[in-house]
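Numbering (full-length UniProt numbering), first residue to last: 1 to 610.
Right, here's the structure in full:
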């Protein structure tokens, strides 16, 4: 029988409705899965934050079935589901084996121990004299052991620390913690950095980088103390790979790099090794600057260190942020945290070594935010980061406007866009608007410098204006996708036709020399105001100026929980993701951490507990 046209239309509508129902059911199931994953991650995170952990186990029971999970900094390994009510052998075997494990085999870090009364009596008075540690108690103290890779005898040095002065928190990734520490041997206060370094070919240990920098006589960097991989236990030496604290999730990865039906993007699991490093030079946060002149001098000093490292040692920092520039006791600048730096070879194009972009989101260059993969980090990216650090400090910590610029600050420094086709997070739109202009140009640029007369040194505003002009020309070739006035668009198009401005800016940013010349030119002039120091009146819900309290954001880890278009999601990094979190960040209330799941379907319980 021939079907009528009306019947075809009705059939099409029914098919569409069924398809919508299937999509709704799938979306509901995925929401449930994400909710459960977030809950499991939250439990594991709480355990790792309350204890000093190398890894941990957990048991997940749902209905009559269950899974065993092993968590470390690379991700989580989970078994196939099993019947635990009717066939309890698997669960019972796991519990029985777990009962016989040592503290180290259960995942505890035995290189961190409570202090004795005698140790506390010696360390507490000195620690309490450090700003911010006045209320430290014995209960807050613990003893860290640090192995020095450069030591011939392999001895472990003891350091007594209170609670961390900053941390990136989080369950996965580098999980960096910073401590003001009492050196048991010298009785001096030092800085102890505890983190998980990426264990990939071509990525050097931070102590090796510092040694190269000191050999090249790079100025304005901290003095290096003991540093090395953390041994499994105090009884082990950290000279053999099997004796160090390292992740194992990557060893159980059963899915090779590439596409998978339940993983829209590529699945990469980086291996990590636990690492500790001692710096013998202490510094204050950049946000404590006494005047805008000192702020510019400190940033200039950091650029000098960056320039010397690049020219003398061929090392590129790659993580310039407000938290990595400190003010020394003498009031000068110091550039720290070289662990993400890279040995470069001038004239040789090199691809990225890691699958993800590193850096602190608020200060990453527009180029790196727009294209997170397949582009190598260049000198110009770091120089641009210095500019964003300066602008941020002036706008945030020296806010002299009569308006609240919180929204503008977030528009420039925190905005992001997420495309569904590759699930990568991109950004830079707000920063590009800040440079190019247009109807949406934020007030922190339009009003700040105009209002600053008599409140901020003219030389400081000149530095900002000249640097902004330099990066304006550098990005003239970038197609803007934001609203501008007709005249502004005409002006931009006319400038684009003259590509000499772009080429000139590119040439000036091939090395730090031109940026340094701008800084030095105005720092050599007279500054009329001497007391225009940090004066933070901005309510933003977070403080990116103290970025050492935060993670090094990998943009792939920023997940939007808003259900906007299927093609694109816009947003700003919320306070919850900018407060101490992790190398993986949650965006919005529904954002999830970086859930790298690796099935251990071929691994038995006994193998899991090795």
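Virtual Cβ for every residue (Gly too), placed ideally from N, Cα, C. Owing to the predicted nature of the structure, the values given are computational and were not obtained by experimental measurement.
ask   = Can you tell me the Cα-Cα spacing of residue 205 and residue 319, whole angstroms?
value = The residue you call residue 205 lines up with position 205 of the chain shown. The residue you call residue 319 lines up with position 319 of the chain shown. Straight-line Cα distance between these residues: approximately 15 Å.
query = Can you tell me whether DSSP reads residue 505 as helix, strand or coil?
reply = Working through the chain shown from its first residue, we reach residue 505 at position 505. Three-state DSSP puts residue 505 in a helix.
First and last residue of the uninterrupted alpha helix (DSSP H) at residue 215 = Counting from one through the chain shown, the residue named residue 215 turns up at place 215. Its alpha helix (DSSP H) spans residues 206-215.
query = CA-CA distance, residue 314 and residue 165?
reply = Mapped onto the chain shown, residue 314 falls at position 314. Mapped onto the chain shown, residue 165 falls at position 165. About 32 Å.
request  = Determine the extent of the alpha helix (DSSP H) in which residue 361 is found, giving its start and end residues.
outcome  = For this step, residue 361 is matched to residue 361 along the chain shown. It is not in any alpha helix (DSSP H) - residue 361 carries neither H nor E in the DSSP assignment.
request  = Mark residue 197 as exposed unless 16 or more other C-beta atoms lie within 10 angstroms of its C-beta, in which case mark it buried.
outcome  = Residue mapping note: residue 197 aligns to position 197 of the chain shown, counting from 1. Label assigned to residue 197: buried.
request  = Identify whether residue 229 lies in helix, strand or coil by the three-state DSSP scheme.
outcome  = Locating residue 229 in the chain shown gives position 229, counting from the first residue. In the structure shown, residue 229 sits in a strand (DSSP, three-state: E or B).
key: Straight-line Cα distance separating residue 63 from residue 336   = Counting from 1 along the chain shown, the entry for residue 336 is found at position 336. Counting from 1 along the chain shown, the entry for residue 63 is found at position 63. Those two C-alpha atoms are separated by around 51 Å.
request  = Closer than 7 Å by C-beta to residue 29: which residues in its own chain qualify, once you throw out the five before and the five after it? Chain order, please.
outcome  = On the chain shown, position 29 is the one that residue 29 refers to. So no residue of the chain qualifies.
message = Helix, strand or coil, according to DSSP, for residue 196 in the structure here?
response = Indexing the chain shown from 1 puts residue 196 at position 196. Three-state result, residue 196: strand.
ask   = Within the chosen definition, does the segment 324-335 reach the segment 300-311 through at least 3 CB pairs nearer than 8 Å?
value = yes
inquiry  = For residue 386, report the span of its alpha helix (DSSP H) as first-last.
reply    = On the chain shown, position 386 is the one that residue 386 refers to. That run of the alpha helix (DSSP H) goes 379-392.
query = residue 169 and residue 49 look like a contact to me (Cβ under 8 Å); what is the Cβ gap, rounded to whole Å?
reply = Here residue 169 refers to the residue found at position 169 when the chain shown is read from its first residue. Here residue 49 refers to the residue found at position 49 when the chain shown is read from its first residue. Sure, about 7 Å apart at Cβ, within 8 Å.
ask   = Which stretch, first to last residue, makes up the beta strand (DSSP E) that contains residue 175?
value = Stepping through the chain shown from its first residue, residue 175 is reached at position 175. From DSSP, residue 175 is part of no beta strand (DSSP E); its letter is neither H nor E.
ask   = Does the Cβ-Cβ distance between residue 277 and residue 207 come in under 9 Å?
value = As a working note, residue 277 is residue 277 in the chain shown. As a working note, residue 207 is residue 207 in the chain shown. In this structure, residue 207 lies closer than 9 Å to residue 277 by Cβ.
Distance between residue 474 and residue 270 (C-alpha atoms, nearest Å) = One-based indexing of the chain shown puts residue 270 at position 270. One-based indexing of the chain shown puts residue 474 at position 474. Roughly 34 Å separates the two Cα atoms.
task = State yes or no: is the C-beta of residue 211 nearer than 8 Å to some heavy atom of the ligand NAP?
result = Ligands displayed in this structure: none; no statement on the ligand NAP is therefore possible.
task = Kindly indicate which three-state DSSP category residue 82 falls into: helix, strand or coil?
result = The residue labelled residue 82 in the question sits at position 82 within the chain shown. Of the three classes helix, strand and coil, the one that applies to residue 82 here is strand, per DSSP.
message = Buried or exposed, going by whether 16 or more other CB atoms sit within 10 Å of the CB of residue 620?
response = Here the chain has residues from 1 to 610 only, and residue 620 is not among them.
request  = Using beta-carbon positions only, say whether residue 323 and residue 369 come within less than 9 Å of one another.
outcome  = As a working mapping, residue 323 is identified with position 323 in the chain shown. As a working mapping, residue 369 is identified with position 369 in the chain shown. No, these two residues do not count as a Cβ contact at 9 Å.
request  = Give the range of the beta strand (DSSP E) segment to which residue 276 is assigned.
outcome  = Translated into the one-based positions of the chain shown, residue 276 becomes position 276. Per DSSP, residue 276 belongs to the beta strand (DSSP E) from 272-279.
key: C-alpha gap between residue 76 and residue 283, whole angstroms   = For this step, residue 76 is matched to residue 76 along the chain shown. For this step, residue 283 is matched to residue 283 along the chain shown. In a straight line, the C-alpha of residue 76 is about 37 Å away from that of residue 283.
ask   = Between which two residues does the alpha helix (DSSP H) containing residue 472 stretch?
value = The residue given as residue 472 occupies position 472 in the chain shown. That run of the alpha helix (DSSP H) goes 458-474.
message = Counting C-beta neighbours from all protein chains within 10 Å, is the total for residue 228 16 or more, i.e. buried, or is it exposed?
response = If you number the chain shown from 1, residue 228 lands on position 228. When all chains shown are included, residue 228 counts as buried.
query = In chain order, what residues of the same chain have a beta carbon less than 6 Å from the beta carbon of residue 188, not counting five sequence neighbours either side?
reply = For the purposes of this step, residue 188 is taken as residue 188 along the chain shown, with counting starting at 1. Cβ within range, chain order: n/a, list empty.
request  = Tell me residue 166's beta-bridge partners as DSSP assigns them.
outcome  = As a first step, residue 166 is located in the chain shown; it is residue number 166 there, counting from the start. According to DSSP, residue 166 bridges with 178.
Opposing strand residues paired with residue 70 [DSSP bridges] = As a position in the chain shown, residue 70 is number 70, starting the count at 1. According to DSSP, residue 70 bridges with 57 and 77.
ask   = Going by the CB atoms, is the gap between residue 132 and residue 53 shorter than 9 Å?
value = The sequence position of residue 53 within the chain shown is 53, counting from 1. The sequence position of residue 132 within the chain shown is 132, counting from 1. Cβ distance not < 9 Å, so residue 53 and residue 132 don't count as in contact.
key: Three-way DSSP call (helix, strand, coil) for residue 183 in this model   = Counting from 1 along the chain shown, the entry for residue 183 is found at position 183. Correct three-state label for residue 183: strand.
key: Coarse secondary structure for residue 406, derived from DSSP in three states   = Taking the first residue of the chain shown as position 1, residue 406 is located at position 406. If DSSP states are grouped into helix, strand and coil, residue 406 belongs with the helices.
ask   = Pick from 86, 459 and 156: whose alpha carbon is nearest that of residue 293?
value = Taking the chain shown and counting its residues from 1, one reaches residue 293 at position 293. Ranking the options by Cα distance to residue 293, first place goes to 459.
message = Considering only the alpha carbon of each residue, which of 273, 316, 297 and 535 lies closest to residue 250?
response = The residue you call residue 250 lines up with position 250 of the chain shown. Closest option to residue 250, Cα to Cα, is 273.
ask   = Under a three-way DSSP split, which group does residue 611 fall into?
value = Since the first residue of the chain shown is 1 and the last is 610, residue 611 is not available in this structure.
ask   = Alpha carbon to alpha carbon, what distance is there between residue 190 and residue 217?
value = Here residue 217 is taken as the residue at index 217 of the chain shown, counted from 1. Here residue 190 is taken as the residue at index 190 of the chain shown, counted from 1. Answer to the nearest angstrom: the Cα atoms are 22 Å apart.
request  = If I'm right that residue 393 touches residue 287 with Cβ under 8 Å, what's the distance once you round it to whole angstroms?
outcome  = As a position in the chain shown, residue 393 is number 393, starting the count at 1. As a position in the chain shown, residue 287 is number 287, starting the count at 1. So it is a contact: roughly 7 Å between Cβ atoms.
query = Once you ignore the five residues that flank residue 300 on each side, which residues in its own chain have a CB closer than 8 Å to its CB?
reply = The sequence position of residue 300 within the chain shown is 300, counting from 1. Result list for residue 300: 333, 516, 519, 520 and 523, in chain order.
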